[in-house]
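Just so we're aligned, residue 1 is where the sequence shown starts under the UniProt record's numbering, counting upward by one.
Here a beta-carbon is modelled for each residue, glycine too, at the ideal position from N, C-alpha and C.
Note that the structure is predicted; figures quoted are calculated from it, not measured.
See structure below.
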Amino acid sequence: MEAKKLHVKKGDTVVVISGKDKGKKAKVLVGLPKDGKVIVEGVNMSTKHKKPSQKVQQGGIIHQESPIFASKVMLWCDKCKKGVRAGKRILQDGTKVRYCKSCSDMLDK
């Protein structure tokens, strides 16, 4: 299976645009390009029953984030205060940056 190119990366602030967590604004913790999914902080929470082990000292019910499809999130623009589409631009010094298609503000700082 070929890895899909994700429009968001680890550390980006995104807003969920569909599903039970619609409207939540949070940070991307992990990108999973092979599955076309991302794990977003506090979104799509699931419960897991864990046994105590060497790694996990305390067993019991653990709440953790589950992956959601990357198409369900949009990049957040602080200037526009909404989810936006991103474009790519090459600056004078040759660096590639993402910008907001609404206000042309740089998203990569």
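Alpha carbon of residue i to alpha carbon of residue j, nearest angstrom
i	j	result
K72	D93	33 Å
Y99	I68	24 Å
K96	C80	22 Å
L6	G36	7 Å
residue 127	A70	Missing from the structure shown is residue 127; the chain here goes from 1 to 109 and no further.
Check whether residue i and residue j have beta carbons under 8 Å apart
i	j	result
E41	L32	no
N44	S18	no
K48	G59	no
V16	K4	no
K101	R85	yes
A26	V8	no
D12	L91	no
S46	Q64	yes
Residue i - partner residues in DSSP beta bridges
i	result
G11	Bridge partners of G11: none, in fact.
G83	W76
C100	A86
Proximity test, Cβ basis, 8 Å: residue i and chain C
i	result
C103	The structure shown contains no chain C; it holds only a single protein chain.
Residue ranges of each beta strand (DSSP E) within the stretch 18-64, 3 or longer: 25-32, 37-40, 45-50
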